[in-house]
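What follows is one structure encoded as structure tokens, with my remarks underneath.
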């Protein structure tokens, strides 16, 4: 491993009388660091979807654009798992910031260098790199969450952190549109204007990366504080094990993750949830402009509303799973996915010319879908010791992105090209029903019961 990525050694212990105030200050600080940092990743995750209507005008086919778009999910899914194993043995502070800087550089290249958007193959390669670096965001955030927040508070804290998806994803669309405006005002000779979709969000993300670096700390011990379990007297097991020993990759994979049936169950559930999430989200700009006759600005704002509606939805889902269902994630996921299925049907069947209904349907899907997404990530953290958190989350992400998001990009593109949007939406509804049913398997399971 590169030396600069190694986790810092435990620091000189903080004096007992200063532990409480230091913990309170740093818990807020590191939380804001991973929240802002992860939101920064989402400023650069799905810019290509906003650019797709512009690229379609240049003659690229729906199938071709869907294939290029799939590169993000293919590489992100693999990276989230591979880089998750690296992250579990790295300094979360350095790891998260490095990934964000690299993904910003890829987006700047796509914006400033016309060759990088000149064909499907080169766009696939650039988006593959973008997805790989994007995979460096979730695992270090998970590492921070499990080291700075104990078992009984982790559900609500993870739900709050998870809305960084929506803050970043929601801000991306207006930032992208402002970038288009900026490029048209500056009037670069070789640019068509849409390049600002990549450039402006990337500049903002670099600023966010610098801020995050100054806020994040790896573990409490790295700044001289005791483990969070001992500080809050809140242990994951009856024998008060804190799992503070750094594990080898072999131990993480073969002792705690790959032989854990609950991790496999939620990984498979994630395929269906992600297919619906990205089947709606990635194709919204093109579907709304093709079928519902939205202009690019209108479809971008619909995208914004979809993302931001996820904030209260995620918080409500986390609260329900903690308070109403007493730590059982399955029932909350089941209820939310029933709502998603109904809202997808409304979004599809609403005739063109009723933009309010379209936007309300998208807002409802956004409100509901991110809860199940968050729950599966939370279950991944719950089902393993904290030193294996990044890897467990990475495995569920691998399934979600390769099996769900990639198929949503490629299969939706092929189905829509050959059979029309109606066939695409029938497929989405079938998968949404499968996602709903998949939450039954963990209906009675509380995560910490399976940690050993």
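In our numbering, the protein residues as written are -13 to 438.
Using N, Cα and C, we set each Cβ at its ideal position, and we do this for glycine too.
Everything numeric in this text was worked out from a predicted model, so none of it was measured.
Quick one: is residue 43 buried, meaning 16 or more other Cβ sit within 10 Å of its Cβ, or exposed?
As a position in the chain shown, residue 43 is number 57, starting the count at 1. Under this definition residue 43 is an exposed residue.
Going by C-alpha distance, which of 130, 36, 64, 183 is nearest residue 95?
On the chain shown, residue 95 is found 109 positions in, with the first residue counted as 1. Of the candidates 130, 36, 64, 183, the one whose C-alpha sits nearest the C-alpha of residue 95 is 183.
Using 7 Å as the threshold, is the C-beta distance between residue 330 and residue 418 below it?
Within the chain shown, numbered from 1, the residue matching residue 330 stands at position 344. Within the chain shown, numbered from 1, the residue matching residue 418 stands at position 432. A contact, by the Cβ cut-off of 7 Å.
If you run the structure through DSSP and keep just helix, strand and coil, what is residue 440?
Because the chain is modelled from -13 through 438, residue 440 falls outside the range shown and cannot be assessed.
Among 218, 309, 45, 260, whose alpha-carbon lies nearest the alpha-carbon of residue 395?
Locating residue 395 in the chain shown gives position 409, counting from the first residue. Taking only the C-alpha atoms, the option nearest residue 395 is 260.
Quick check: what's the CA-CA separation for residue 90 versus residue 119?
If you number the chain shown from 1, residue 90 lands on position 104. If you number the chain shown from 1, residue 119 lands on position 133. The straight-line gap from Cα to Cα measures roughly 9 Å.
For residue 403, which residues in the same chain have their Cβ closer than 6 Å to its Cβ, ignoring the five residues on either side in sequence?
Position 417 of the chain shown, counted from the start, is the residue given in the question as residue 403. Around residue 403: 48, 49.
Just tell me which of 208, -11, 144 has its CA closest to the CA of residue 72.
Reading the chain shown from its first residue, position 86 is the one you call residue 72. The candidate whose alpha carbon is nearest that of residue 72 is -11.
How many Å lie between residue 298 and residue 157 at the Cα?
Here residue 298 refers to the residue found at position 312 of the chain shown. Here residue 157 refers to the residue found at position 171 of the chain shown. Roughly 16 Å separates the two Cα atoms.
Excluding the 5 residues flanking residue 61 on each side, which residues of the same chain have their C-beta closer than 6 Å to its C-beta?
Taking the first residue of the chain shown as 1, we reach residue 61 at position 75. 114, 117, 118.
Pull up the distance between the alpha-carbon of residue 254 and that of residue 265, whole angstroms please.
For the purposes of this step, residue 254 is taken as the residue at position 268 of the chain shown. For the purposes of this step, residue 265 is taken as the residue at position 279 of the chain shown. Taking the straight line from one Cα to the other gives about 17 Å.
Please report the residue range of the alpha helix (DSSP H) in which residue 344 lies.
Position 358 of the chain shown, counted from the start, is the residue given in the question as residue 344. Taken as a continuous stretch (DSSP letters only), the alpha helix (DSSP H) holding residue 344 covers 341 to 368.
Measuring alpha carbon to alpha carbon, tell me which of 336, 217, 141 ends up nearest residue 9.
Taking the first residue of the chain shown as position 1, residue 9 is located at position 23. Of the listed residues, the one whose Cα sits closest to residue 9 is 217.
Is residue 75 helix, strand or coil by DSSP?
Here residue 75 is taken as the residue at index 89 of the chain shown, counted from 1. Residue state, collapsed to three classes: coil.
Just mark residue 100 as buried or exposed, buried being the case when its beta carbon has 16 or more other beta carbons within 10 Å.
Locating residue 100 in the chain shown gives position 114, counting from the first residue. Label assigned to residue 100: exposed.
Please report whether the beta-carbon of residue 137 lies at a distance below 7 Å from any beta-carbon of chain B.
The chain inventory of the structure shown lacks chain B, comprising one protein chain alone.
Count Cβ pairs between the stretch 369 to 383 and the stretch 22 to 31 that sit closer than 8 Å; are there 3 or more?
At 8 Å Cβ cutoff, the stretches do not touch.
Going by DSSP in three states, residue 439 sits in which element: helix, strand or coil?
The shown model of the chain, from -13 to 438, leaves out residue 439, and the question about it has no answer.
From 412, -6, 11, 15, pick the residue whose C-alpha is nearest to that of residue 202; which is it?
Counting from one through the chain shown, the residue named residue 202 turns up at place 216. Measuring from the Cα of residue 202, the nearest candidate turns out to be 15.
Closer than 7 Å by C-beta to residue 133: which residues in its own chain qualify, once you throw out the five before and the five after it? Chain order, please.
Translated into the one-based positions of the chain shown, residue 133 becomes position 147. Cβ within range, chain order: 205, 206, 214, 372.
Can you tell me which of 370, 267, 128, 345 puts its alpha carbon nearest to the alpha carbon of residue 24?
Start at 1 with the first residue of the chain shown, and residue 24 comes out as number 38. Checking every option, the nearest Cα to that of residue 24 belongs to 128.
Looking at the secondary structure, which residues open and close the alpha helix (DSSP H) in which residue 122 lies?
Sequence index remark: in the chain shown, residue 122 carries index 136 (1-based). It is not in any alpha helix (DSSP H) - residue 122 carries neither H nor E in the DSSP assignment.
Label residue 345 either buried or exposed according to how many other C-beta atoms from any shown protein chain fall within 10 Å of its C-beta, with 16 as the threshold for buried.
Reading the chain shown from its first residue, position 359 is the one you call residue 345. By the neighbour-count rule (16 or more Cβ atoms within 10 Å), residue 345 is buried.
Between which two residues does the alpha helix (DSSP H) holding residue 279 run?
Translated into positions along the chain shown, residue 279 becomes position 293. First-last for residue 279: undefined, no H or E at that position.
Are there 16 or more other CB atoms within 10 angstroms of the CB of residue 398, so buried, or fewer, so exposed?
Residue mapping note: residue 398 aligns to position 412 of the chain shown, counting from 1. The residue in question, residue 398, is buried, as its Cβ has 16 or more Cβ neighbours within 10 Å.
If you draw a straight line from the alpha carbon of residue 416 to that of residue 59, how long is it in whole angstroms?
Here the question's residue 416 lines up with position 430 in the chain shown. Here the question's residue 59 lines up with position 73 in the chain shown. Residue 416 and residue 59: Cα-Cα distance of roughly 21 Å.
Are there three or more Cβ pairs, one per stretch, closer than 8 Å when the stretch 310 to 324 is compared with the stretch 408 to 415?
In short, these stretches do not touch, since the Cβ pair count stays below three.
Threshold first: 4 residues or longer. Then list the alpha helix (DSSP H) segments lying entirely within the stretch 77 to 101, N to C.
Complete alpha helix (DSSP H) runs here, min 4: 78 to 98.
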